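Here the protein sequences line up with chains A and B, keeping their order.
To convert, note that position 8 of the first sequence is 246 in the working numbering; the numbers rise steadily by one, no gaps.
To convert, note that position 184 of the second sequence is 422 in the working numbering; the numbers rise steadily by one, no gaps.
2 protein chains.
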Amino acid sequence: MTETRDRIVDAAVDLFRVHGYTGTAMKQVVAAADAPFGSVYHHFRGGKQELAAAAIERAGVVYRDLVLGILDAEDDVVTGTRAVFDAAAAVLDATDYADVCPVATVALEVASTSEPLRAACDTVFADWIDTLAGRLEHGGGPPAAARSAAIAFISLLEGGFLLCRTARTPEAMRANGDVAVAVVAGAVDR
Amino acid sequence: MTETRDRIVDAAVDLFRVHGYTGTAMKQVVAAADAPFGSVYHHFRGGKQELAAAAIERAGVVYRDLVLGILDAEDDVVTGTRAVFDAAAAVLDATDYADVCPVATVALEVASTSEPLRAACDTVFADWIDTLAGRLEHGGGPPAAARSAAIAFISLLEGGFLLCRTARTPEAMRANGDVAVAVVAGAVDR
DNA sequence: GTCTATACTTTGATAGAC
DNA sequence: GTCTATCAAAGTATAGAC
């Protein structure tokens with residue numbers, strides 16, 4: 239049996255992904271987590287903000303490991319990049335364009351409103367960029383090029399989520415996959 | 239004197255940009271527009287959704303013309319692309335990372351919640367992609383390559399807004415500008 | 001026709017019953 | 001210690017006074 243606290247965080251991640259931060263009510267979270275209403279304030283004294291910070295942190299780890307799992311399963315980072323964008327397009331199609339990155343949605347909502355949540359999102363993105371840059375360096379690229387390529391990789395992935403989700407079409411993720419592959423190849427081949 | 243309706247829409251655009259759709263209250267909008275509360279429902283019988291649809295449409299036109307103005311001021315689309323990303327980085331820095339694209343924030347919030355608003359955001363993005371692809375074709379590129387490059391252009395710009403706003407650093411917009419320039423150059427040079 | 005005052009719902013959060 | 005019942009505040013929307 240999963241811990242109540244974990245169920246609440248997981249439910250928050252799912253709901254933030256679809257409705258965003260302000261669009262998600264605490265009552266929805268506890269209902270989805272099948273937990274009594276009071277328990278959320280027992281586990282998160284800081285209320286909604288503290289819960290959101292935990293959800294962002296958790297989503298950051300889950301999505302990073304998801305991408306790394308696909309990336310590392312391939313022989314090199316270039317074909318790995320292709321696989322990541324293909325998988326993203328497949329997931330979008332399979333989930334009716336609902337299952338996207340919750341961090342981006344929350345980040346845009348709270349960046350100018352809540353400093354602790356902005357910082358939590360920043361930590362996640364910085365971790366993603368650092369981890370990805372490390373893989374590209376390991377693939378043979380110089381540090382500066384690897385970092386820039388990692389930033390473009392994340393931007394193309396998030397931009398693809400945005401456009402695909404809005405258009406309900408996988409086209410943008412395919413187009414961005416081509417560009418990401420070229421960027422990664424350029425950062426590695428020297 | 240500007241029309242009351244226009245002032246309300248402009249105020250909504252500004253507030254959506256900073257607080258998002260669900261994070262913006264109707265009372266904030268009418269206060270910012272310096273209009274009496276009832277007038278918003280006089281002009282927008284459909285309530286908040288109808289106001290948001292008008293705000294998205296308006297933001298789409300304003301931002302498109304802003305980007306085109308910078309792009310067309312340069313001799314070719316490649317140097318124009320450089321200018322657009324440089325300008326975006328400068329605006330972010332000048333506005334303390336608050337002044338970003340309102341369409342992306344709202345799109346991620348409502349894509350799975352409100353079909354009319356999702357459609358409004360889709361119309362805006364499709365218009366941006368079509369217009370940009372037209373400029374790239376005019377620059378000498380084949381249609382399919384121009385369209386893919388336009389999609390990557392928008393993704394890199396929106397991804398840059400996301401990462402820069404969260405990190406409060408212009409780094410991502412600089413890195414993405416380099417990639418966008420390379421993508422546009424590749425789509426035009428044949 | 002314009003706008004003020006209000007109705008009703010939902011929100012985040014808590015106090016006190018078990 | 002866990003959870004139910006409730007609170008005050010804020011949300012959208014409207015009805016009716018000018």
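Note that the Cβ used here is the ideal one computed from N, Cα and C, for glycine as well.
A quick note: this is a predicted structure, and the numbers were derived from the prediction, not measured.
*Comparing alpha-carbon positions, which option in B:Leu-346, B:Ala-387, B:Val-247 lies nearest Glu-288 of chain B?*
As a first step, residue 288 of chain B is located in the second sequence; it is residue number 50 there, counting from the start. Nearest of B:Leu-346, B:Ala-387, B:Val-247 to Glu-288 of chain B, Cα basis: B:Val-247.
*List the endpoints of the continuous alpha helix (DSSP H) containing Ser-393 of chain B.*
In the second sequence, the residue the question calls residue 393 of chain B occupies position 155. First-last of the alpha helix (DSSP H) with Ser-393 of chain B: 381 to 405.
*Between the segment 259 to 279 of chain A and the segment 305 to 324 of chain A, are three or more C-beta pairs nearer than 8 Å?*
Because the criterion of three Cβ pairs below 8 Å is not met, the segment 259 to 279 of chain A and the segment 305 to 324 of chain A do not touch.
*Going by other Cβ atoms of all chains shown within 10 Å of its Cβ, with 16 needed for buried, is Arg-385 of chain A buried or exposed?*
Along the first sequence, read from residue 1 onward, the residue named residue 385 of chain A stands at position 147. So Arg-385 of chain A ends up on the buried side.
*For Ser-386 of chain A, return the contacting residues in chain B, with the cut-off set at a CB-CB distance below 7 Å.*
Start at 1 with the first residue of the first sequence, and residue 386 of chain A comes out as number 148. Correct list: Ala-413, Asp-416.
*Helix, strand or coil at Asp-313 of chain B [DSSP, three-state]*: What you label residue 313 of chain B is simply residue 75 of the second sequence in a count that begins at 1. Coil at Asp-313 of chain B, not helix or strand.
*Please list, in chain order, all residues of the same chain as Val-305 of chain B whose beta carbon is under 7 Å from its beta carbon, the five residues on each side excluded.*
Position 67 of the second sequence, counted from the start, is the residue given in the question as residue 305 of chain B. Around Val-305 of chain B: Val-322.
_Contacts of His-257 of chain B in chain A (Cβ-Cβ under 7 Å)_ = For this step, residue 257 of chain B is matched to residue 19 along the second sequence. Ordered by position in chain A, the residues that pass the 7 Å Cβ test against His-257 of chain B are Thr-351.
*asked:* Just checking: is the beta-carbon of Tyr-335 of chain A within a distance shorter than 9 Å of some beta-carbon in chain B?
replied: Within the first sequence, residue 335 of chain A is the residue found at index 97, counting from 1. For Tyr-335 of chain A, the answer is yes, since a Cβ of chain B falls inside 9 Å of its Cβ.
*Of the residues B:Val-278, B:Ala-410, B:Tyr-279, which one's Cα is nearest the Cα of Phe-363 of chain A?*
Position 125 of the first sequence, counting from 1, holds the residue named residue 363 of chain A. The residue with the shortest Cα to Cα distance from Phe-363 of chain A is B:Ala-410.
_Counting only beta-carbon separations shorter than 9 Å, does Asp-248 of chain B have a partner in chain A?_
Against the second sequence, residue 248 of chain B aligns to sequence position 10. Judged by the 9 Å Cβ criterion, Asp-248 of chain B is not in contact with chain A.
*Pull up the CB-CB distance for Val-251 of chain B and Pro-340 of chain B, whole angstroms please, since I reckon it's below 8 Å.*
Within the second sequence, the letter at position 13 stands for residue 251 of chain B. Within the second sequence, the letter at position 102 stands for residue 340 of chain B. Indeed they touch by this definition, with Cβ atoms about 6 Å apart.
*Ends of the alpha helix (DSSP H) at Pro-340 of chain A?*
In the first sequence, residue 340 of chain A corresponds to position 102, counting from 1. From DSSP, the alpha helix (DSSP H) with Pro-340 of chain A extends over 340 to 348.
_Taking 9 Å as the threshold (C-beta atoms), are Asp-416 of chain B and Ala-388 of chain B in contact?_
Indexing the second sequence from 1 puts residue 388 of chain B at position 150. Indexing the second sequence from 1 puts residue 416 of chain B at position 178. Taking 9 Å as the Cβ cut-off, Ala-388 of chain B and Asp-416 of chain B do not qualify as a contacting pair.
*Cβ atoms of Gly-378 of chain B and Asp-427 of chain B: under 9 Å apart, would you say?*
Here residue 427 of chain B refers to the residue found at position 189 of the second sequence. Here residue 378 of chain B refers to the residue found at position 140 of the second sequence. Yes, they are a contact pair.
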